[in-house]
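*Asks:* Okay, here's the structure, questions in a sec.
Residue numbers (full-length UniProt numbering): 1 to 931.
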């Protein structure tokens with residue numbers, strides 16, 4: 001079904017079921033009609049089951065279960081609440097979701113649901129069991145016409161073939177790793193550049209031969225294996241060299257007597273493509289271990305034809321030194337994540353275009369449209385300017401060729417004879433794909449992966465047209481250039497007027513951990529821009545894409561660490577881009593980016609699709625697997641106007657100023673663990689009064705202080721009576737004098753004082769600078785003046801219960817989550833971005849008092865658990881009900897003060913709340929500028 005048909009079906013379904021639905025009589029009819037009419041399920045009786053038994057202390061029945069997609073359905077009658085607890089037959093009170101979860105726990109693990117859907121005919125509450133404790137997605141029946149796609153998970157079975165390909169590809173990578181390690185031992189010096197490059201090329205060549213014999217490319221199954229089997233380990237090196245030479249020699253240029261001297265070698269075809277070109281590579285002697293690996297584990301026991309070239313390219317590259325890979329910032333990409341980039345960028349549109357053509361009933365018109373569509377596919381060009389092992393290019397090639405094969409199948413119409421005028425039905429070629437990659441081995445892997453993909457897709461075409469197509473010799477070549485993408489003129493790789501799409505995931509290297517060469521790249525790319533020193537490396541590709549796509553219709557989509565849409569990056573990067581005609585067309589908000597490499601890379605990423613040419617389609621913001629239509633997507637990846645929260649050193653509202661705690665620069669000589677302090681006091685009891693509890697972020701969250709020896713206000717006369725304290729002062733002075741920093745050396749003149757001193761005279765609020773992103777609330781609290789804090793927390797002197805209530809609310813947390821920077825994936829609370837830019841409410845006296853009351857209730861709820869740390873109290877699994885309730889009431893009080901009441905737009909979601917805050921922020925900044 002095409003989108004228009006599904007929308008119409010969803011509209012009719014919603015109209016039919018408006019204001020009706022009885023749990024016992026209508027449930028099965030409701031779900032059967034939904035699945036068949038809206039989602040096109042044909043064999044419904046085999047797809048969904050109803051009233052499956054589950055045995056608790058009594059027999060109960062699951063309302064609906066879809067085994068193929070692991071969906072459990074708990075259905076209630078119309079107007080029944082989906083969040084209120086209902087008394088069960090055993091007397092327990094459970095919500096519909098809790099009821100379904102109880103059923104789930106009694107099922108075999110293989111049958112437990114990924115999704116639980118509760119429904120009352122008018123609403124669908126969707127719980128993703130991969131996110132325990134997460135709020136449900138809610139879809140209203142009345143909105144089904146627009147939001148039917150959010151129920152697509154009901155019928156998406158996943159690709160079992162893909163799972164098999166993934167397993168085979170990872171296993172293949174492990175075999176390559178064994179070969180790589182065994183061969184490396186045989187080099188005289190495997191650390192030389194020539195040896196490492198030779199080893200990489202040798203592995204690529206052997207992999208191609210292993211694949212070619214299993215895929216039938218060499219003409220005979222087992223041909224590579226049978227040839228090598230004739231030689232013992234000592235002679236295998238020479239046999240391999242001779243084979244490579246033959247594979248690179250045209251039949252007419254070979255020794256005319258080779259067929260008589262060595263018919264087995266003569267039978268190998270000419271490959272072409274430069275893969276076996278006579279480069280000056282060093283091939284070491286083979287051992288029995290290498291021979292057995294090649295002939296048994298790699299050849300006889302393994303079928304290389306089943307690998308996915310997309311996945312295998314990444315896994316293959318994992319044979320490189322992991323340290324090399326990490327220093328380059330490379331992360332490998334699953335097929336699922338690749339499609340998060342290419343589907344909204346171009347593939348969804350192409351699929352829909354083909355679907356519409358397939359609906360045409362006039363055959364002549366349909367055939368013409370199909371041929372035009374095939375020509376369109378063959379004229380598209382793709383560029384990946386950080387192509388790595390080529391997995392974006394390879395998966396795109398496979399996807400486009402599959403579309404082309406659908407066209408060929410439609411034109412063929414099941415005929416045995418081939419109905420095309422051309423010599424080949426295939427028009428799409430790997431020479432439509434361009435890449436730039438700094439690593440020479442990755443370039444070779446990428447080209448090889450594309451050749452393997454070409455071979456596999458040609459086989460699929462052969463099955464459609466019932467004829468053999470020649471793969472060898474290779475006649476096409478992907479244009480993948482070795483070099484630094486930030487220093488190369490991209491038009492030297494491909495003229496920009498030929499490019500249709502740019503895609504990829506450039507290196508993830510933070511601004512503070514770049515090499516000097518990478519810093520030079522950033523400075524060169526961003527000449528004349530502000531705050532270049534705070535730019536992550538990936539930002540360079542956004543700038544080069546924007547420059548490249550000027551005066552073209554090119555559209556781009558890049559994967560990045562989520563830092564590009566947080567903190568200072570939004571103003572630093574997106575403000576200049578969006579103010580110079582770039583617009584964001586679609587975006588995936590933060591998700592975890594996994595790889596298929598042997599060493600997994602867990603990175604929190606975003607995907608941003610952008611262009612300069614007019615964009616006439618709905619803009620989409622993806623959150624997990626669902627999307628919302630947006631009027632505009634700003635640099636924070638929100639549906640809001642283009643607002644930039646820029647660094648400022650004073651608050652935009654009339655509130656207490658925030659600062660850091662104390663920064664001693666003492667070499668650790670003034671800081672003690674509890675046991676160390678007690679031992680010190682035993683030896684020098686008079687020092688006891690100079691110790692203060694000392695809290696950084698870790699100590700505060702875990703309620704486990706260290707202790708600080710504070711001698712800054714100790715008189716010289718008294719200090720001289722404390723020899724152990726004097727020794728500490730002496731050690732601090734020596735430490736500072738040895739510093740390379742002139743400021744620290746200067747500080748040695750007053751060794752009892754700290755570099756930064758912030759010791760409030762009254763009660764103050766403490767906020768940890770870094771807090772886990774798993775917590776809904778950043779834990780914060782009050783301290784008294786006798787407690788010292790380090791520079792790893794933020795402190796707010798003169799703050800009140802009202803300030804605490806607003807800061808600890810879900811409103812402030814929502815703001816913080818969007819605009820703060822991150823340390824890995826954890827929140828990094830900042831003064832100049834988060835706090836100083838936060839738009840505070842203007843509450844009435846009554847609203848302010850209510851916030852103070854709810855803030856005190858939070859502190860009271862914490863006090864009920866004196867043995868628990870803030871880490872314990874704010875863990876989503878162990879948070880006490882009293883504390884959760886107190887926070888909820890505080891959230892409601894703060895929302896009320898902002899006017900974010902039930903029914904308002906800002907009440908609907910956290911993202912909508914931030915949109916509302918950004919409007920307030922914009923107004924407050926404008927008011928400041930008018931003063």
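Even for Gly, the Cβ is constructed at its ideal location relative to N, Cα and C. Bear in mind that the values here come from a model prediction, so they are computed numbers and not experimental data.
Should residue 636 go down as buried or exposed, given a rule of 16 or more other Cβ atoms within 10 Å for buried?
*Replies:* Per the 10 Å Cβ criterion, buried.
*Asks:* Does the distance from the CB of residue 611 to the CB of residue 697 come in under 9 Å?
*Replies:* Cβ distance not < 9 Å, so residue 611 and residue 697 don't count as in contact.
*Asks:* Going by the beta-carbon positions, is the gap between residue 587 and residue 608 smaller than 9 Å?
*Replies:* Yes.
*Asks:* Quick one: what's residue 126 bridged to in DSSP?
*Replies:* DSSP, once it has assigned bridges, lists 117, 137 as partnering residue 126.
*Asks:* Output needed for residue 819: all residues of its chain with C-beta closer than 8 Å, excluding positions within five of it in sequence on either side, in chain order.
*Replies:* For residue 819, where only same-chain residues beyond five positions count, the Cβ hits under 8 Å are 566, 567, 570, 636, 645, 833, 834, 837.
*Asks:* Is the beta carbon of residue 552 within less than 8 Å of some heavy atom of the ligand ADP?
*Replies:* Although the ligand ADP was asked about, the structure shown includes no ligands whatsoever.
*Asks:* Tell me where the alpha helix (DSSP H) around residue 856 begins and ends.
*Replies:* That run of the alpha helix (DSSP H) goes 845-863.
*Asks:* What would DSSP say about residue 384, mapped onto helix, strand or coil?
*Replies:* Three-state result, residue 384: strand.
*Asks:* Once the 5 residues before and after residue 942 are set aside, which same chain residues still bring their CB inside 8 Å of it?
*Replies:* Nothing about residue 942 can be read from this structure; the chain reaches only from 1 to 931.
*Asks:* Relative to the alpha-carbon of residue 796, which residue among 685, 928, 657 has its alpha-carbon at the smallest distance?
*Replies:* Of 685, 928, 657, the residue nearest in Cα terms is 657.
*Asks:* Between the C-alpha atoms of residue 365 and residue 811, what's the straight-line distance to the nearest angstrom?
*Replies:* Cα-Cα distance, rounded: 57 Å.
*Asks:* With DSSP collapsed to three states, give me the class of residue 782.
*Replies:* If DSSP states are grouped into helix, strand and coil, residue 782 belongs with the strands.
*Asks:* Would residue 742 be called buried (16 or more neighbouring beta carbons within 10 Å of its own) or exposed?
*Replies:* It counts as exposed.
*Asks:* Would you call the region 439-446 and the region 190-205 in contact, with 3 or more CB pairs under 8 Å?
*Replies:* With the cut-off at 8 Å, the region 439-446 and the region 190-205 touch.
*Asks:* Taking only three categories from DSSP, how would you classify residue 434?
*Replies:* If DSSP states are grouped into helix, strand and coil, residue 434 belongs with the strands.
*Asks:* In the DSSP assignment, find the alpha helix (DSSP H) that holds residue 743 and state where it starts and stops.
*Replies:* Segment 742-747, the alpha helix (DSSP H) holding residue 743.
*Asks:* Could you spell out where the beta strand (DSSP E) holding residue 195 opens and where it closes?
*Replies:* Here residue 195 belongs to no beta strand (DSSP E); instead the alpha helix (DSSP H) covers 193-215.
*Asks:* Might you give, ordered along the chain, the residues of its own chain that have their beta carbon closer than 8 Å to the beta carbon of residue 35, omitting 5 neighbours on each side?
*Replies:* The answer, listed in chain order, is 41, 44, 47, 48, 154, 155.
*Asks:* Rounded to whole angstroms, what's the CA-CA distance from residue 19 to residue 28? Just pull it up for me.
*Replies:* Taking the straight line from one Cα to the other gives about 17 Å.
*Asks:* Considering just the uninterrupted stretch of the beta strand (DSSP E) at residue 378, what are its terminal residues?
*Replies:* Here residue 378 belongs to no beta strand (DSSP E); instead the alpha helix (DSSP H) covers 363-379.
*Asks:* Do the region 184-199 and the region 257-273 make contact, defined as three or more Cβ pairs closer than 8 Å?
*Replies:* Because the criterion of three Cβ pairs below 8 Å is not met, the region 184-199 and the region 257-273 do not touch.
*Asks:* Residues in the same chain with beta-carbon distance under 8 Å from residue 631, minus the five sequence neighbours each way, listed in chain order, please.
*Replies:* 619, 639.
*Asks:* Using a Cβ-Cβ cut-off of 6 Å (strictly less than) and excluding sequence neighbours within five positions of residue 70, which residues of its own chain qualify?
*Replies:* Cβ within range, chain order: 113, 114.
*Asks:* Hey, residue 453 and residue 394 are a contact pair by Cβ (cut 8 Å); roughly how many whole angstroms apart?
*Replies:* Rounded, the Cβ-Cβ distance is 5 Å, consistent with contact.
*Asks:* Rounded to a whole number of angstroms, what is the C-alpha to C-alpha distance between residue 882 and residue 861?
*Replies:* Cα to Cα, the separation comes out at about 6 Å.
*Asks:* Please state whether DSSP places residue 709 in a helix, a strand or coil.
*Replies:* DSSP places residue 709 in strand when its eight states are reduced to three.
*Asks:* Among 606, 839, 92, which one has its Cα closest to the Cα of residue 651?
*Replies:* Taking only the C-alpha atoms, the option nearest residue 651 is 839.
*Asks:* For my contact list, residue 850 and residue 799 are in at a C-beta cut-off of 8 Å; report their separation, rounded to the angstrom.
*Replies:* Residue 850 to residue 799, Cβ: 18 Å. No contact.
*Asks:* With C-beta atoms as the reference, is residue 21 less than 9 Å away from residue 120?
*Replies:* Contact flag set, yes.
*Asks:* Tell me whether residue 400 sits in a helix, a strand or coil according to DSSP, three-state version.
*Replies:* Note: residue 400 maps to helix in three-state DSSP.
*Asks:* Hey, quick one: how far does the alpha helix (DSSP H) through residue 464 stretch, first residue to last?
*Replies:* Taken as a continuous stretch (DSSP letters only), the alpha helix (DSSP H) holding residue 464 covers 440-465.
*Asks:* For the putative contact between residue 769 and residue 828, defined by C-beta atoms under 8 Å, what is the C-beta separation to the nearest angstrom?
*Replies:* Yes, they are in contact, since the Cβ atoms of residue 769 and residue 828 sit about 6 Å apart, within 8 Å.
*Asks:* Inspect the beta-carbon positions of residue 179 and residue 294 and report whether they are closer than 9 Å.
*Replies:* For residue 179 and residue 294, yes; Cβs fall inside 9 Å.
*Asks:* Flag this pair as touching only if the region 719-731 and the region 684-695 have three or more C-beta atom pairs under 8 Å; answer yes or no.
*Replies:* Yes, they touch.
*Asks:* Does DSSP put residue 805 in a helix, in a strand, or in coil?
*Replies:* Three-state DSSP puts residue 805 in a helix.
*Asks:* Here's a check: name, in chain order, each residue in its chain whose Cβ is nearer than 7 Å to the Cβ of residue 428, leaving out the five neighbours to either side.
*Replies:* Within the same chain, residue 428 has close Cβ partners 377, 378, 400, 401, 404.
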